[in-house]
Structure formats: structure tokens, C-alpha cells
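Asks: Here it is, the structure in full.
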């Protein structure tokens, strides 16, 4: 009962955080080796001045200043946190993982360590818990830094939809799933196990991929040569050497014809023609859920859509460009020279 109450408390807090932090729509840009930010219309709102700048997360963005110090700024370019950390990450659920003297801990929004650096590795918080590595094994801590699942795993991923994929050290490196108490609820048996998303997870066994539900029942048979989790109702799957998309019944919605394919975000998915996962290359474009191109495959590199814009790199450019969901260029470095 205590765990159930705790879960609903965490869920409510996450909903509130999402409401509070939903409005910042600034995007990092790079001009002449320095980073600044534009808004969703392509207007520069923070002039390039940093040697690195990341996306905004929970109203703060991670930047590195000209003195190579990590800091966090708000949308008005005010430095809210100036750290002494060797490494740090964006804020998730009110905390940011940070590294000092080869050990990881967590910062709060005041820049203080709420969880002192002590871990060999630490992941971001997700659903109120974070997987951390200490003395060669992974366990899970809560927001106070207390272990709620003791270190015992060879590998441990973030919780998603109340389950996390783990590899117990004693089980031949097979993946299974645990609940928030650390109990194994789906036995380790998979060579690959994605996060749960939209009630399903992509898993592989004996070189074939399929999809299971949260009790481990096979919903889509092991028939694919590659696969990833569902987003927005579709999942990328590979048939022989080509990627396409299936729905939750396993029906093909977008015929396999891509060398690489990402998850759908904001009704768009990035796809690659002519490249490979191992060697890269090829050209990236974006498709809609009908499989039609909204941005032709002409880009050297790309990222998922985020708050209406996507980062792309054109041939010959050293700085990236932003496009909108219709494929229209919103900002490019040449336009600001």
C-alpha cells in the first residue's frame, strides 16, 4: 500500500511539473563556434556566446561558458546555476545528474547537491526513481538518494510505465523486467528489451523481434529482424535490410523501404536512405504517418522533432539548420551571417 501511495504521489508531482515547465520554446543554434538560442519563429533571442548549449528542460538550459564552466540559464539568459562540476546533464523531475571527481550525484534547481556524488554512474530520474551504479552493480534510488531497490543488477534501465528492463548478473546477460519494488515480473529471456511505451515493449529472442505486453504476453509475434518501441501508435520494425512501421496489431502501416527509421514524434519520423546503423552515411528526411515525405531525404544528419522544430545538417554545413513539421526552413546559419 505504501508503494502504491508513493507511486500516485510521484505521478501527481510529474503532472504538475509538466504543467509548470511546458512553455519554454527556445532552441540552441551555433554561429562561428558559439551557441545561442532562437524562438520557434527563427528569431535569435539569446545571442551566440557559449561554447556549448543544450535544449531547455524544466525551464533551464545547460550551457558551457567561455571559461569552460557548466552553468544553467533561464529563457532570459540569466545564469541561475554556476556549477563546479566536471560534467552535468539537463534537469529531469527537478534534479540534474552531475559528476565531480569521477563520481555522480544530483543537483537541485538551487545548484546544491541534494544527493552527494558517490556513484560510479547515474541515470536521469524517471517516474521518481533513478538507476545508479555503485561497486559494479546497479540499483535504484528515490529523490532523496535512498536505495529503494538495492544494487544487484548487471545493467538497469529507467522505469517507464512502472516497469524497468534489467539484466541480472547471474542470468547470462538476458533482459527481463522488474516492478517498482524490484520484483522480477517478466523473467530475463530477451537479448534486447526496450522501454515500455503505450503498453507494449519491443523485445528480441533468437535474433527475431516481437512485442510483449506488461505481463509478458506476446502481442505481436517474433517475426522481425529489428524493432523499437511504439510512439504515437506506430513502431519501427526491420524486415531483412529495410525498416518500416507497424501498428499495435502487427499490421504494416508503412512498407519497409528505409535503411534506418526513428520513432514518431509530433506526427513525424526521421528516416534514412542509403546509410547504415554501423557506418552511418546516407540521407535523412522526415515522413508523416502515411509514409509520405514532409521533408525529402537530403540531410546529412537529423534529430527528432521537438516543440515543433527539428535539427538537421545539410551537406557542406558545419552548423545545423531548423525546419518545421512541413519541412520549411525556419532558421539556418547563413541567414544570420
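Residue numbers (our numbering): 99 to 435.
Just so it is clear, CB atoms sit at the ideal spot from N, CA and C, and this is done for glycine as well.
Residues in its own chain within less than 6 Å of residue 128 by CB, not counting five upstream and five downstream?
Replies: Within the same chain, 417 come within 6 Å of residue 128 by CB-CB distance, once the 5 residues on both sides are set aside.
Asks: When you compare the CB positions of residue 481 and residue 334, do they come within less than 8 Å of one another, or not?
Replies: For the chain, the structure presents residues 99 to 435; residue 481 sits outside this window and is missing.
Asks: Buried or exposed for residue 321, please, with buried defined as at least 16 other CB atoms from any protein chain shown within 10 angstroms of its CB.
Replies: exposed
Asks: Drop a sphere of 10 angstroms on the beta-carbon of residue 419, count the other beta-carbons inside from all chains shown, and report buried for 16 or more, exposed for fewer.
Replies: buried
Asks: Could you tell me which of 221, 172, 182 sits nearest to residue 193, measuring between CA atoms?
Replies: In this structure, 221 is the residue among 221, 172, 182 with its C-alpha nearest to the C-alpha of residue 193.
Asks: CB-CB under 7 Å to residue 147, same chain, minus the five flanking residues each way: which ones, in chain order?
Replies: 132, 134
Asks: Rounded to whole angstroms, what's the CA-CA distance from residue 164 to residue 181? Just pull it up for me.
Replies: 14 Å
Asks: Just how far apart, CA to CA, sit residue 271 and residue 252?
Replies: Taking the straight line from one Cα to the other gives about 8 Å.
Asks: For residue 291, does the count of other Cβ atoms within 10 angstroms reach 16, so buried, or fall short, so exposed?
Replies: buried
Asks: Let me check understanding here. Comparing Cα to Cα, which of 330, 313, 309 lies closest to residue 323?
Replies: Closest option to residue 323, Cα to Cα, is 309.
Asks: By alpha-carbon positions, which one of 162, 155, 399, 293 ends up nearest to residue 149?
Replies: 162
Asks: Do residue 332 and residue 281 have their beta-carbon atoms positioned less than 8 Å apart in this structure?
Replies: no
Asks: Please say whether residue 211 and residue 232 have beta carbons closer to each other than 8 Å?
Replies: no
Asks: Hey, quick one: how far does the beta strand (DSSP E) through residue 285 stretch, first residue to last?
Replies: Taken as a continuous stretch (DSSP letters only), the beta strand (DSSP E) holding residue 285 covers 282-288.
Asks: Going by other Cβ atoms of all chains shown within 10 Å of its Cβ, with 16 needed for buried, is residue 213 buried or exposed?
Replies: It counts as buried.
Asks: Beta-carbon separation of residue 392 and residue 404 under 8 Å?
Replies: no
Asks: Report the rounded CA-to-CA distance for residue 295 versus residue 229, giving the unit in angstroms.
Replies: A straight-line Cα-Cα distance of about 19 Å links residue 295 and residue 229.
Asks: Locate the beta strand (DSSP E) running through residue 147, then write down its first and last residues.
Replies: 142-148
Asks: Enumerated in chain order, which unbroken segments of the beta strand (DSSP E) with a length of 3 residues or greater are wholly contained in the region 397-432?
Replies: 407-412, 419-422, 427-429
Asks: Near residue 305, what residues of its chain come up, given a Cβ to Cβ distance below 7 Å and the 5 sequence neighbours on each side ignored?
Replies: Excluding sequence neighbours, residue 305 sits near nothing in its chain.
Asks: Quick check: the Cα distance between residue 398 and residue 389, rounded to an integer number of angstroms?
Replies: 20 Å
Asks: Does residue 257 pass the burial test, meaning 16 or more other C-beta atoms within 10 Å, or should it be called exposed?
Replies: buried
Asks: Using the DSSP secondary-structure output, state which residues sit across from residue 441 in a beta bridge.
Replies: Nothing in the structure corresponds to residue 441, since the chain is present only between 99 and 435.
Asks: Quick one: Cα of residue 183 to Cα of residue 166, how far?
Replies: 10 Å
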